[in-house]
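Worksheet: the structure to be examined is printed underneath.
2 protein chains.
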Amino acid sequence: MEKLKPRTLSGFMELLPQPQQQMERMMDVLRRTYSLYGFTPLDTPIIESSEVLLAKGGGDTEKQIYRFTKGDSDLSLRFDLTVPLAKYVALHYAELSFPFRRYQIGKVYRGERAQRGRFREFYQADIDVIGDGKLDIINEAEIPAIIYQTFTTLGLRRFQIRVNNRKILNGFYAMQGLTERSGDIMRTVDKLDKIGAEKVRVCLTDDCGLTADQADEILAFIAITGSNTDVLTALQQYAGKNEVFDAGLDELNTVVKYLSAFGVPEENFAVDLTIARGLDYYTGTVYETTLLDHPEIGSVCSGGRYDNLAAYYTDKQLPGVGISIGLTRLFYVLGEQGMLNADLPTAPADVLVLPMTADLAPAIALSTELRRAGVRTQLYTEAKKFKAKMNYADKLAIPYVVFLGDDEIAGGVVTCKDMATGEQTTATLDETLARIREGLAAKNAGCVILEK
Amino acid sequence: MEKLKPRTLSGFMELLPQPQQQMERMMDVLRRTYSLYGFTPLDTPIIESSEVLLAKGGGDTEKQIYRFTKGDSDLSLRFDLTVPLAKYVALHYAELSFPFRRYQIGKVYRGERAQRGRFREFYQADIDVIGDGKLDIINEAEIPAIIYQTFTTLGLRRFQIRVNNRKILNGFYAMQGLTERSGDIMRTVDKLDKIGAEKVRVCLTDDCGLTADQADEILAFIAITGSNTDVLTALQQYAGKNEVFDAGLDELNTVVKYLSAFGVPEENFAVDLTIARGLDYYTGTVYETTLLDHPEIGSVCSGGRYDNLAAYYTDKQLPGVGISIGLTRLFYVLGEQGMLNADLPTAPADVLVLPMTADLAPAIALSTELRRAGVRTQLYTEAKKFKAKMNYADKLAIPYVVFLGDDEIAGGVVTCKDMATGEQTTATLDETLARIREGLAAKNAGCVILEK
Chain A
629 MEKLKPRTLS GFMELLPQPQ QQMERMMDVL RRTYSLYGFT PLDTPIIESS
679 EVLLAKGGGD TEKQIYRFTK GDSDLSLRFD LTVPLAKYVA LHYAELSFPF
729 RRYQIGKVYR GERAQRGRFR EFYQADIDVI GDGKLDIINE AEIPAIIYQT
779 FTTLGLRRFQ IRVNNRKILN GFYAMQGLTE RSGDIMRTVD KLDKIGAEKV
829 RVCLTDDCGL TADQADEILA FIAITGSNTD VLTALQQYAG KNEVFDAGLD
879 ELNTVVKYLS AFGVPEENFA VDLTIARGLD YYTGTVYETT LLDHPEIGSV
929 CSGGRYDNLA AYYTDKQLPG VGISIGLTRL FYVLGEQGML NADLPTAPAD
979 VLVLPMTADL APAIALSTEL RRAGVRTQLY TEAKKFKAKM NYADKLAIPY
1029 VVFLGDDEIA GGVVTCKDMA TGEQTTATLD ETLARIREGL AAKNAGCVIL
1079 EK
Chain B
629 MEKLKPRTLS GFMELLPQPQ QQMERMMDVL RRTYSLYGFT PLDTPIIESS
679 EVLLAKGGGD TEKQIYRFTK GDSDLSLRFD LTVPLAKYVA LHYAELSFPF
729 RRYQIGKVYR GERAQRGRFR EFYQADIDVI GDGKLDIINE AEIPAIIYQT
779 FTTLGLRRFQ IRVNNRKILN GFYAMQGLTE RSGDIMRTVD KLDKIGAEKV
829 RVCLTDDCGL TADQADEILA FIAITGSNTD VLTALQQYAG KNEVFDAGLD
879 ELNTVVKYLS AFGVPEENFA VDLTIARGLD YYTGTVYETT LLDHPEIGSV
929 CSGGRYDNLA AYYTDKQLPG VGISIGLTRL FYVLGEQGML NADLPTAPAD
979 VLVLPMTADL APAIALSTEL RRAGVRTQLY TEAKKFKAKM NYADKLAIPY
1029 VVFLGDDEIA GGVVTCKDMA TGEQTTATLD ETLARIREGL AAKNAGCVIL
1079 EK
């Protein structure tokens, strides 16, 4: 028969078993952390009606969308988890309780130009808190606490959550008489990290039509840096001139004040006036998270406060605050940087049971007992040479091999080899189990991500 | 602004938070059980090149496939997890170790005619063991043991795993000189449950062109029933006449013999000569699993042994054995039958913390401590009346509400209300934690599925 060359589409991540286990661990940390904060898991369809999904209009991303017809239906694959959330909350409004706290970890689709490290199918891991009409500012302080908890549980220490407030920016631009152009200005300022202050100044004057003085004002404003207290103090000089600015400063003060109550250390958190998030969607606190040793990656977790989640679907005022982690890209970058902890077990099993007798019944019974004790156990039954069996355990990095021969069966014991140390013991099942459990606990003690 | 009516496509399951939690529990049981048997998780793309995905030709399902173009690419959404597995193993053959044991729980897509209980996007939960060149028969006995373990962990007792062997059928048809027509005959016999013996007889004579005697022979053969020993003994009368039959009987005897070693009780397992699985793909042992009280649902977990997983992609002989659970449909049916255990917690949090002071810092610190102890905690911060807060906990079925007022803070205690019993205690955090943990353990003790 003629063979077709098997291939996976470019831009689609397909992992080998060992990295897949690392990815599962990362997802597991996210699920557990989000659950600890009282977020409920959601799972919405990957396919939606194009009319519903693109109600807002696709903007820049519209041509990236996977859109097609099936029968009479005009369908699209979701390109983020926010629009499906808006639809979900509007559709099920009467059946939900607010504040509604949900997390969703799911694949989204964007037909980006294929290039290394860019994915067309990728996981996003989102949390959002949605209020009905109102939502307390404290939620905006809790979100960075969750980011902090998530990243430290993953094993990171050297990261910084940068926080700003859109009202401060909007108020400041209003003081300068630049409200009409504030969207363009913020999109320009957002590029500061990438293109530098000088180019931002040129863009502000040439593209946004600002005077040199106005551009200087803006650059002076976003140049306010230092400790959080320094920045908040410096901002005080603009207070009392614009209501929106004052409201934003008040919110930012509250967020900063509560962050220490939430246990987020000062070094993992910075007020940063250059953060605007390019989206018009956000209306209050905004977040970006950067890895201090890898600023080139950009933000690995971003989000913010919005006033109206589902304006396209409902008259209900649904303010919210949320963040999104681009999980597939983060995983890829961590792998490239050698930051995935290779010491954590990635084997499909904790124990490989090798029967050494023709009758497999005792080995089967032993495997059943190991599983009952919570030990992931593979019973090896292929007719291979002993060396091939040991090679198999070795290649899969299975930490323990348990042998069961006539002597062991007669003596009511098992022989167990630690594949890392080579140490081999013959002992009762209970003793062996204790040894295996202790070993596994030690091997599993580390975090998924390893900083260098 | 004009509003667009939000909707979810028909045939796409989108659950409310409470049933979603039940679905998560089911998935969790599957993941944990499959892991206990040494299967490694895989996650392949939902989109594949149409050429690769449809290499085998789509047959009956081809017009159900979601197929579309994006740029120059002819793409399709996967319609099962087997073809992607075949591609994966062929593509990554050199990097895998065999036997390769993988599980995958993922969404697949089939544009079926929309009707109640039929889904166009649905989860399959598959396990497969793939050998390189050979694969021992013991794997075919382990699979029903895994089915047994999975369904009992989910909470089911009244189910039956039906097992047959395609070689027995093929050998039997060869004895009757009906090899050429065995495919048609098996597809006809497969309908026995649905249409009854008389209609099968008519199909066999009229559609398959058998003589009345041949049809009688076949009906007599598939009428062999009774205990597993009865059936195996009755099959012995056909032995010695055809090599394929004898090989099949030998395999079936081995599978049955080892099943008791694997701890599968006789009542959950039956040799059933009417099981053929309509697919030509299977070559040895085949499985179906039925709920004894709901035979109308059909098989909830099916699979079998195949000789050649990836013949379309590689010359390598890759025999395997696997099963698939149609998870979305199973979940839907269990819900319809009222078999999902409503007593298990489905709340997003175990504890709702209600701060009773203007300064939230003590309540934030308490929430952090609860989470550190592994308790899923939501801090409630909205400015609502006390009754509205309690209603919120009630509607979400959050089991415990913890109050923290000035008195509690001064006394170093917390007040905790069990929302199910109404019992309220004021005690130290440690004492309260012990009470909450004990309560949660009791509430979480049940299984996901409840038989009536």
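Protein chains in written order, with this note's numbering: chain A, 629 to 1080; chain B, 629 to 1080.
For each residue, glycine too, the CB sits at the ideal point set by N, CA and C.
No experiment lies behind these values; they were computed from the predicted model shown.
Alpha carbon of residue i to alpha carbon of residue j, nearest angstrom
i: Thr636/A; j: Glu676/B; result: 7 Å
i: Gly950/B; j: Arg730/B; result: 10 Å
i: Leu724/A; j: Gln945/A; result: 14 Å
i: Asp908/A; j: Gly811/A; result: 7 Å
i: Ala722/B; j: Thr668/B; result: 17 Å
i: Glu602/A; j: Asp671/B; result: With chain A covering 629 to 1080 only, the question about residue 602/A has no answer from this structure.
i: Asp841/A; j: Gly824/A; result: 18 Å
i: Thr857/B; j: Phe897/B; result: 12 Å
i: Leu820/A; j: Ser930/A; result: 17 Å
i: Phe707/B; j: Tyr737/B; result: 5 Å
i: Gly699/B; j: Gln692/B; result: 22 Å
i: Lys822/A; j: Ser927/A; result: 12 Å
i: Val914/B; j: Gln965/A; result: 46 Å
i: Pro712/B; j: Arg695/B; result: 15 Å
i: Gly1050/B; j: Pro1027/B; result: 10 Å
i: Leu998/B; j: Ala1016/A; result: 49 Å
i: Leu763/A; j: Ala1038/B; result: 29 Å
i: Asp844/A; j: Ile850/A; result: 10 Å
i: Cys1044/B; j: Ser638/B; result: 44 Å
i: Leu596/A; j: Leu955/A; result: A question about residue 596/A goes unanswered here, because the residues of chain A that appear run from 629 up to 1080.
i: Arg794/B; j: Leu901/B; result: 9 Å
i: Glu630/B; j: Val680/A; result: 13 Å
i: Tyr866/A; j: Ala970/B; result: 56 Å
i: Glu826/B; j: Val817/B; result: 11 Å
i: Asp756/A; j: Leu887/A; result: 18 Å
i: Asn936/B; j: Ala1069/A; result: 39 Å
Residues that DSSP places opposite residue i in a beta bridge
i: Tyr731/B; result: Pro669/B and Ile755/B
i: Ala898/B; result: Arg790/B
i: Leu697/A; result: Checking the sequence shown, residue 697/A turns out to be Thr, not Leu. The partner list for Thr697/A (beta bridge, DSSP) reads Asp702/A.
i: Pro983/A; result: Leu1032/A
i: Phe750/B; result: Val736/B
i: Arg933/B; result: Val949/B
i: Glu768/A; result: For Glu768/A, which the question treats as bridged, DSSP gives no partner whatsoever.
i: Glu1066/A; result: DSSP lists no partner for Glu1066/A.
Closest Cα partner of residue i within the set the options
i: Phe728/B; options: Lys1023/A, Arg741/A and Tyr801/A; result: Lys1023/A
i: Glu1010/B; options: Ala1001/B, Thr985/B and Ala993/B; result: Thr985/B
i: Arg741/A; options: Leu703/A, Asn969/A and Phe640/A; result: Phe640/A
i: Ile903/B; options: Tyr776/B, Tyr665/B and Arg815/B; result: Arg815/B
i: Pro647/A; options: Leu972/A, Asp978/A and Thr1054/A; result: Leu972/A
i: Gly876/B; options: Val892/B, Ala989/B, Tyr960/B and Val791/B; result: Val791/B
i: Gln788/B; options: Glu879/B, Asp760/B, Gln743/B and Val899/B; result: Val899/B
i: Gln864/B; options: Glu630/B, Tyr941/B, Ile846/B and Phe800/B; result: Phe800/B
i: Ile775/A; options: Gly761/A, Val892/A and Leu901/A; result: Val892/A
i: Gly759/B; options: Arg933/B, Pro634/B, Thr689/B and Leu1032/B; result: Arg933/B
i: Thr781/B; options: Thr661/B, Tyr866/B and Lys827/B; result: Thr661/B
i: Tyr1020/A; options: Glu1036/A, Ser995/A, Arg1004/A and Val979/A; result: Val979/A
i: Ile953/B; options: Arg794/B, Val981/B, Lys684/B and Leu709/B; result: Leu709/B
i: Glu749/B; options: Ala1025/B, Ala1048/B, Val1030/B and Arg957/B; result: Arg957/B
- Could you run through the segment 882-911 of chain A and flag, in chain order, every residue whose CB is less than 8 Å away from some CB of chain B? Tyr886, Ala889, Phe890 and Gly891
- Message: Output needed in chain order: residues of the segment 661-676 of chain A with a Cβ under 8 Å from some Cβ in chain B.
- Response: For the segment 661-676 of chain A, the set of residues with a beta-carbon nearer than 8 Å to any beta-carbon of chain B comprises Ser663, Leu664, Tyr665, Gly666, Phe667, Thr668, Pro669, Leu670, Asp671, Thr672, Pro673, Ile674, Ile675 and Glu676, in chain order.
- Task: With 8 Å as the limit, tell me which residues of the segment 937-966 of chain A have their beta carbon closer than that to any beta carbon of chain B; keep them in chain order.
- Result: Ala938, Ala939, Tyr940, Tyr941, Thr942 and Asp943
- Query: At which residue ranges does the segment 995-1046 of chain B contain complete beta strand (DSSP E) runs of 3 or more residues, listed in the order of the chain?
  - Reply: 1005-1007, 1028-1032 and 1042-1046
- Task: Please name the residues in the segment 1011-1037 of chain A whose beta-carbon is closer than 7 Å to at least one beta-carbon of chain B, in chain order.
- Result: Listed by position, the residues of the segment 1011-1037 of chain A near chain B (Cβ gap below 7 Å) are Ala1011, Tyr1020, Lys1023 and Leu1024.
- For the segment 729-740 of chain A, enumerate the residues whose C-beta is nearer than 8 Å to any C-beta of chain B, in chain order. Arg729, Arg730, Lys735, Tyr737 and Gly739
- Message: By the 9 Å beta-carbon criterion, what residues does the segment 754-767 of chain B contribute toward chain A?
- Response: Gly759, Lys762, Leu763, Asp764, Ile765, Ile766 and Asn767
- Output, in sequence order along the chain, the residues in the segment 845-856 of chain B whose CB is closer than 9 Å to any CB in chain A. none
- Message: Which residues of the segment 637-650 of chain A have a Cβ closer than 8 Å to any Cβ of chain B? Give them in chain order.
- Response: Leu637, Phe640, Met641, Glu642, Leu643, Leu644, Pro645, Gln648 and Gln649
- What runs of the alpha helix (DSSP H), each 4 residues or longer, lie entirely inside the segment 850-879 of chain B? 856-864
- Message: Under 8 Å, CB to CB, which of the residues in the segment 799-812 of chain B have a partner in chain A?
- Response: none
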